[in-house]
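Novice: Everything in the sequence shown is counted per my numbering, starting at 2 for the first residue and increasing by one.
The beta carbon of each residue, even a glycine, is placed where N, CA and C say it ideally should be.
Here's a structure for you.
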Amino acid sequence: MGELVKDKVAIVTGAGGGIGKGIALALAASGARVVVNDIGAEPAQAVVNEIEAAGGKAVACTESVASRASAEKIVQAAMDMFGRIDIVVNNAGNLRDRLFHKMNEEEWSQVIDVHLNGSFYVSRAAASHFREQESGAYVHMTSTSGLIGNFGQSNYSAAKMGIVGLSKSIALDMARFNVRSNCIAPFAWTAMTSSIPAETPEEKARVLKLQKMEAGKVAPLVVYLGSDAATHVSGQIFSVRANEIMLFSQPRPVRSVHLSEGWTPESVAEIAIPAMQNSFYKLERSPEVIGWDPI
């Protein structure tokens, strides 16, 4: 592998396994020094050992992303060990799947705390350093569960769409400091997705397809987005699915209707909705929209 991020310092949250581990290993192989963050001490240290055995530099950090104080310690670990921070990969995640009408407050807040609040806390802790050095790159993990839709994931979907808004705001607010922020919606079979139900023949077939999507396939795009080769790429939403990289659309007006005398509820029903109805989006789930086999 080349050295696209040589001498850069990267933080990867949730890097003890799955997608995060693949990203940490790829960043190290491309020359970065890596803070391997995971609340599991053994998995985090195992990834550090693997990086060091391959001649790279890494340090483990077991702080949680889910509070401001602990997230600041993750960034401080990078400063203490390597003296700077260049790349933040917000990958830490959890799932508490439940149909919306059965979801409780704890299931909601646990997922929001890790995905959305965690992405904010770690990003905010790094922002001061990025601003001072006038450079830096954020890569946040979003999901087609939010971008398109899925059953039983209102907490996860809301968090992942919140991350899209967060990333765009960071990209806008910090562009003056040469700081970039992008999202990736990864498709991969990991410990987190292994809880997907597989009872019916259709579900079992889908899971078999998912298992073809290796976690390590997400890493090359992350390494690129963290490198100086990507200085012109910011505010975008990508997706990685096996050997396929997609660029996602972002919400923009698709139809507009105007009534010079103003609208009444009745004229909305009679004119506005019939005029726009052909442009409505179907109530679909991610597997229905992206229904082709992994490439």
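Which residue wins for smallest C-alpha separation from I172, given the options S136, P187, L26 and A160?
Specialist: The sequence shown places Ala at residue 172, not Ile. For the residues S136, P187, L26 and A160, the minimum Cα distance to A172 belongs to S136.
Novice: Can you name, in chain order, every residue of its own chain whose Cβ lies under 7 Å from the Cβ of Q154, other than the five neighbours on each side?
Specialist: These residues qualify, in order along the chain: D98 and S146.
Novice: Which same chain residues end up closer than 6 Å to H141 when comparing Cβ atoms and leaving out the 5 residues on each side of it in sequence?
Specialist: Counting only Cβ-Cβ distances below 6 Å, and skipping sequence neighbours, we find N91, S120, I164, S168 and C184.
Novice: Just the C-alpha distance for S258 and K283, rounded to the nearest angstrom, thanks.
Specialist: It should be noted that the sequence gives Val, not Ser, for residue 258. Whole-angstrom Cα-Cα distance: 20 Å.
Novice: Take L148 as the anchor and find which of D294, E289, P295 and W293 has the nearest alpha-carbon.
Specialist: Closest by alpha carbon: E289.
Novice: Let me know the secondary structure DSSP gives K58 once reduced to three states.
Specialist: In the structure shown, K58 sits in a strand (DSSP, three-state: E or B).
Novice: Considering Cα atoms alone, identify which of A33, P221, I12 and G41 is closest to A78.
Specialist: Ranking A33, P221, I12 and G41 by Cα distance to A78 puts I12 first.
Novice: Nearest CA to the CA of V208: which residue from R125, D294, Q237 and P252?
Specialist: Selected option, being the one with the closest Cα: D294.
Novice: Please report the Cβ distance between S235 and R181, rounded to the nearest whole angstrom; I am assuming they are in contact, meaning their Cβ atoms lie under 8 Å.
Specialist: With a Cβ gap of about 4 Å, S235 and R181 count as contacting.
Novice: Between S71 and V224, is the Cβ-Cβ spacing less than 8 Å?
Specialist: No. Outside cutoff.
Novice: To which residues does DSSP link T232 through a beta bridge?
Specialist: BP columns for T232 are empty, so no partner.
Novice: List the DSSP bridge partners of A138.
Specialist: In the DSSP output, where bridge partners are listed per residue, A138 has I88 and R181.
Novice: Using a Cβ-Cβ distance cut-off of 8 Å, determine whether A70 contacts chain B.
Specialist: In summary, chain B is missing from the structure at hand, where a single protein chain is found.
Novice: Quick one, are the C-beta atoms of M175 and F131 less than 8 Å apart?
Specialist: The answer is yes: Cβ separation under 8 Å.
Novice: Between the alpha carbons of G263 and I272, how many angstroms are there, rounded?
Specialist: Cα to Cα, G263 sits roughly 12 Å from I272.
Novice: For E267, count neighbouring Cβ atoms within 10 angstroms of its own Cβ and tell me buried if that reaches 16, exposed if not.
Specialist: Its Cβ having fewer than 16 others within 10 Å, E267 is exposed.
Novice: Going by the DSSP bridge assignment, what does L248 pair with across the sheet?
Specialist: Bridge partners of L248: F239.
Novice: Can you give the Cα-Cα distance for E150 and R286, rounded to whole angstroms?
Specialist: One detail in the question is off: residue 150 reads as Gly in this sequence, not Glu. Answer to the nearest angstrom: the Cα atoms are 5 Å apart.
Novice: What are the partner residues of N38, as DSSP defines its beta bridges?
Specialist: According to DSSP, which records beta bridges pairwise, N38 is partnered with T14 and C62.
Novice: Could you tell me if F188 is buried or exposed, where buried requires 16 or more neighbouring beta carbons within 10 angstroms of its beta carbon?
Specialist: Counting Cβ neighbours within 10 Å, F188 comes out buried, since at least 16 surround it.
Novice: To the nearest angstrom, how far is it from the Cα of T14 to the Cα of M214?
Specialist: If you take the alpha carbons of T14 and M214, they lie about 21 Å apart.
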